[in-house]
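There are 2 protein chains.
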Amino acid sequence: MTMKTATIQQAVVSKDEVVLGKEDIPRFYYNIVPDLPAPLPPPKGDLSIMPKIFPKAILEQEMSMERFIPIPEELRVLYSRMGRPTPLYRARRLEKFLGTPARIYFKREDLSPSGSHKINTALAQAYYISREGYKEVTTETGAGQWGTALSLAGLYFGLHVKVFMVRCSYDQKPYRKYIIRMNKGEVVSSPSKETAVGRAVLARDPSCPGSLGIAISEAIEVAAGDKGTVYALGSVLNHVLLHQTIIGQEAKRQFELIGETPDILIGCVGGGSNFAGFTYPFLGDMLRGKGKVEAIGVEPKEVPTLTKAPYIYDYCDEAEKTPLLKMHSLGHNFMPQAIYSGGLRYHGVAPSISLLKEHGFIKSEAYSQDECFEAARIFSENEGIIPAPETSHAIRSVIVHALDAKKKGEERVIAFNFSGHGLLDMEAYANVLGLK
Amino acid sequence: MTMKTATIQQAVVSKDEVVLGKEDIPRFYYNIVPDLPAPLPPPKGDLSIMPKIFPKAILEQEMSMERFIPIPEELRVLYSRMGRPTPLYRARRLEKFLGTPARIYFKREDLSPSGSHKINTALAQAYYISREGYKEVTTETGAGQWGTALSLAGLYFGLHVKVFMVRCSYDQKPYRKYIIRMNKGEVVSSPSKETAVGRAVLARDPSCPGSLGIAISEAIEVAAGDKGTVYALGSVLNHVLLHQTIIGQEAKRQFELIGETPDILIGCVGGGSNFAGFTYPFLGDMLRGKGKVEAIGVEPKEVPTLTKAPYIYDYCDEAEKTPLLKMHSLGHNFMPQAIYSGGLRYHGVAPSISLLKEHGFIKSEAYSQDECFEAARIFSENEGIIPAPETSHAIRSVIVHALDAKKKGEERVIAFNFSGHGLLDMEAYANVLGLK
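If you're matching them up, the sequences are chains A and B in order. First residue of the first sequence? That's 1 in our numbering, and the numbers climb one at a time after it. First residue of the second sequence? That's 437 in our numbering, and the numbers climb one at a time after it.
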């Protein structure tokens with residue numbers, strides 16, 4: 001007994017590594033919608049497709065105004081198996097290298113078998129999909145992290161998972177597609193010849209590198225055309241961000257345990273699920289008048305959605321199959337450069353994030369691929385963990401703010417979400433950092 | 437307080453996932469040598485090279501007759517950072533798939549940033565090397581797991597690491613060499629033109645796929661020729677096996693906590709460090725008359741060292757630079773097939789394992805690459821974690837014994853060491869399992 005108590009105390013109070021017990025796996029998802037500074041503009045256009053492609057439970061969560069939504073025990077057990085609660089680390093070696101008075105912390109979302117935070121919502125969506133009797137699910141994937149996660153969740157719940165993978169990632173990251181297949185998933189390069197959308201795009205441009213918008217259209221076309229098949233989205237929508245809030249809830253508890261209060265929270269932003277999952281539990285407190293924190297969403301200079309795009313009603317997909325959402329958007333026909341951060345090549349960003357940006361509760365920054373890969377090199381040379389190219393965007397911003405703290409001689413607590421590892425992106429690093 | 441106690445209790449008693457607290461990171465390495473059923477035959481031949489290539493502390497550990505050797509606190513902190521103690525999982529989905537009454541457990545050594553158990557000794561060796569003032573270390577690597585681990589350890593201790601990587605792995609596994617370079621390590625294909633040994637081999641056979649024996653000779657040649665440079669070995673020697681015993685010590689404690697007693701312990705065997713690290717703490721008890729366990733070392737049919745090779749004095753390397761060790765050996769000039777399990781292509785096996793095999797305390801089994809990759813597929817389709825090709829050998833044996841238990845209707849507790857993940861081996865799986 002004494003030992004056991006000592007054990008958890010020791011684990012909890014190490015300020016460089018904050019490890020929680022299994023009891024601390026969150027019991028609720030946090031829904032920020034009721035706490036937003038203004039009502040979330042409702043989807044517009046033809047909503048009739050929604051019940052055709054989403055299970056009821058997911059649609060309910062998507063529209064929910066409940067602040068806390070219970071997490072089924074079966075899911076908590078699987079979260080545990082995925083390595084939750086994930087540790088919060090302090091990056092002392094990076095601090096020393098930068099010579100900054102800032103204290104830098106990062107949340108390890110790379111430790112699951114799928115290698116990123118995506119598994120958090122993949123398991124939840126697969127759970128609800130299987131409970132409603134569906135056997136097939138389609139989806140899109142950019143870098144492949146979402147496709148990997150959903151195929152893994154499909155294994156646990158006996159679902160056949162069909163993944164439309166953005167062609168440039170499909171070609172750049174062969175290991176991802178092999179893993180999806182090892183997980184019994186089906187993966188095709190998008191644009192594909194399997195859908196009317198894909199065939200139309202290929203007719204216009206046979207060498208099209210693809211986009212998340214196109215891949216979403218293909219996945220939705222397949223799901224809408226088959227009663228037994230539904231669709232799963234890896235980001236953007238409320239229910240996806242909702243599931244990811246277990247990250248920020250754990251982080252909050254971890255900071256409480258070591259008596260730290262983060263001044264700056266940083267996450268990379270594609271559709272926004274890892275950024276929202278990490279920051280919303282903190283932002284929710286601020287929106288309810290408790291505490292203050294600076295939340296920064298970091299995106300590629302090549303895809304400056306939050307930073308430069310207008311706040312408009314736009315489609316989520318290329319072929320205009322979805323309802324229109326009010327969000328920052330580069331336009332649903334935007335064709336992003338084939339950067340390696342395939343997970344950040346989306347034309348839009350989550351409506352709730354867009355609204356918070358409009359109301360000044362969120363800042364955004366954009367950095368080039370070279371700047372971010374250099375940041376990844378600095379991080380891994382000091383901390384020994386190789387980040388995903390997407391994650392390297394957050395790291396670049398962390399370094400910028402840590403050096404700013406140094407310049408101003410300010411103590412500052414900077415925390416970021418280490419959303420995924422880069423082990424499957426070594427080809428990209430080898431090319432950009434000259435490791436060949 | 438109540439919560440904290442509840443937390444660790446809950447963590448500890450979950451029989452499907454046995455998680456220890458940081459206090460449970462071992463404080464001692466277990467040295468089996470004093471407990472062996474017969475004295476370990478001493479090295480023969482010219483021993484003068486040893487002090488030229490190894491730091492004093494490592495040589496002392498190599499020769500030590502102390503049963504327990506204290507682990508420096510600085511190392512325990514780094515072990516924690518690497519994810520120790522590692523969890524012990526029950527493979528319930530695999531049991532169900534096999535329909536076996538056996539209970540199958542596996543120790544997760546894949547969770548460190550280096551992806552395998554190799555980091556356990558890499559950190560220890562880098563610690564002692566740096567403490568004695570050396571700035572450079574050379575080594576060999578087969579699959580690349582050891583080279584990755586040592587380069588990572590080099591980052592933490594400010595050592596320049598030069599890795600001679602067996603050519604067939606160097607070519608098959610490009611990601612590994614990129615990771616070593618990202619860790620600021622230097623990696624060259626072996627046989628190389630940089631050493632007399634390498635040049636001689638290439639003169640005989642320009643297309644030589646390489647072997648661990650040749651890579652060791654090259655690494656030793658460089659270390660022996662430079663006062664400021666030492667050599668680090670990833671397996672075979674006593675001190676390496678010693679460092680790995682933290683795996684088995686944790687596993688013992690985990691089984692005690694859930695009131696299970698393993699009947700069969702399984703690990704793959706190349707040089708033998710992961711097998712020994714996992715089994716020696718249990719075998720040590722048995723050798724001291726406490727309990728009984730069946731320990732099975734599993735190797736490739738293509739490299740049947742324990743299974744078929746004679747127990748003789750032989751060199752550890754191709755060029756006969758090392759002393760002779762009494763071990764099972766296929767001959768130090770043995771040229772193994774270019775199988776994907778590069779970590780298991782060694783011609784010899786650890787002297788202590790060889791002696792235990794001779795005295796009947798260890799069994800061995802050998803399976804073909806196809807049999808093992810199929811086992812890896814079965815495991816990952818059920819448990820959702822992709823093993824390293826080396827690890828798949830252990831899994832094949834686990835499946836064989838679980839099905840035997842089914843046939844005989846026997847309850848049986850089978851545990852194996854999940855020594856590393858296969859995320860960097862997807863090209864190999866794609867080729868053998870037809871995932872392309």
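Heads up, the beta-carbon is just placed ideally off N, CA and C, and yes, glycines get one too.
- Around Val455 of chain B, the beta-carbon contacts reaching into chain A at under 9 Å are Gly21, Lys22 and Ser80.
- Unbroken beta strand (DSSP E) stretches of 3 residues or longer found wholly inside the stretch 298–329 of chain A: 311–315 and 324–328, given in chain order.
- The stretch 568–582 of chain B makes contact with the stretch 817–831 of chain B; the number of CB pairs closer than 8 Å reaches 3 or more.
- A residue is called buried once 16 or more other Cβ atoms fall within 10 Å of its Cβ, and Thr574 of chain B is buried on that count.
- Apart from the 5 residues on each side of it in sequence, Gly198 of chain A sits with its Cβ closer than 6 Å to the Cβ of Pro191, Ser192 and Glu218 in its chain, given in chain order.
- Only residues of its own chain outside the window of five on either side were considered, and among them Ala102, Asp263 and Ala405 have a CB closer than 6 Å to the CB of Arg412 of chain A, listed in chain order.
- The alpha-carbon separation between Gly291 of chain A and Tyr280 of chain A amounts to approximately 13 Å.
- Within 10 angstroms of the beta-carbon of Glu686 of chain B lie 16 or more other beta-carbons, which makes it buried.
- Remark: fewer than three beta-carbon pairs, one from each stretch, lie closer than 8 Å, so the stretch 365–383 of chain A and the stretch 66–82 of chain A are not flagged as touching.
- Interface residue (Cβ-Cβ distance to chain A less than 8 Å): Arg520 of chain B is not classified as such.
- Contact between Ser211 of chain A and Met335 of chain A holds, with the beta-carbon distance rounding to 6 Å and staying under 8 Å.
- Beta-bridge analysis with DSSP links Cys268 of chain A to A:Val298.
- The C-beta separation of Leu150 of chain A from Ala232 of chain A comes to about 6 Å, placing the pair in contact by the 8 Å criterion.
- Counting only the Cα atoms, Pro351 of chain A lies some 16 Å from Leu47 of chain A.
- For the pair of segments examined, the stretch 223–231 of chain A was found not to touch the stretch 255–262 of chain A: the number of CB pairs separated by less than 8 Å stays below three.
- As computed with DSSP, Arg539 of chain B is found in a beta bridge with B:Val849.
- By the neighbour-count criterion, in which a residue is buried when 16 or more other Cβ atoms sit within 10 angstroms of its Cβ, Pro51 of chain A is exposed.
- Residue pairing by DSSP leaves Lys793 of chain B without any beta bridge partner.
- Exposure of Asp370 of chain A is indicated by the presence of fewer than 16 other C-beta atoms within 10 angstroms of its C-beta.
- Legend: CB atoms of the stretch 100–121 of chain A lying less than 7 Å from CB atoms of chain B belong to residues Leu111 and Pro113.
- Met426 of chain A has a beta carbon lying within less than 8 Å of a beta carbon in chain B.
- Scanning chain A for C-beta atoms nearer than 8 Å to the C-beta of Ser816 of chain B yields Met182 and Asn183, reported in chain order.
- Around the beta carbon of Gln561 of chain B, a 10 Å sphere encloses 16 or more other beta carbons of the protein chains shown; the residue is thus reported as buried.
- Residue contact check for Ser14 of chain A against chain B: a CB pair falls below 8 Å.
- Of the candidates A:Gly342, A:Gly360, A:Ile362 and A:Tyr315, A:Tyr315 places its Cα closest to the Cα of Gly45 of chain A.
- Rounded to the nearest angstrom, the gap between the Cα atoms of Gly133 of chain A and Gly147 of chain A is 21 Å.
- Bounds of any beta strand (DSSP E) do not take in Thr681 of chain B; it lies within the alpha helix (DSSP H) bounded by Asn674 to Ile694.
- For the stretch 143–175 of chain A, the set of residues with a beta-carbon nearer than 7 Å to any beta-carbon of chain B comprises Leu152, Leu155, Tyr156 and Tyr175, in chain order.
- Under the three-state reduction of DSSP, Glu502 of chain B is assigned to coil, being neither helix nor strand.
- In the DSSP assignment, Leu524 of chain B is bridged to B:Val454 and B:Lys543.
- In this structure Glu819 of chain B does not touch Arg544 of chain B by the C-beta definition: roughly 11 Å separates them, more than the 8 Å allowed.
- For the stretch 800–829 of chain B, the beta-carbon criterion of a distance under 9 Å to any beta-carbon of chain A is satisfied by Ala812, Arg813, Ser816, Glu817, Asn818, Glu819, Gly820, Ile821 and Ile822.
- Per DSSP, reduced to three states, the secondary structure at Thr141 of chain A is strand.
- Of all residues in the stretch 311–337 of chain A, none is placed with a Cβ closer than 7 Å to any Cβ belonging to chain B.
- In terms of Cβ geometry, Ser273 of chain A and Gly234 of chain A form a close pair [threshold 8 Å].
- Shown here, Glu572 of chain B sits in a strand according to DSSP, grouped into three states.
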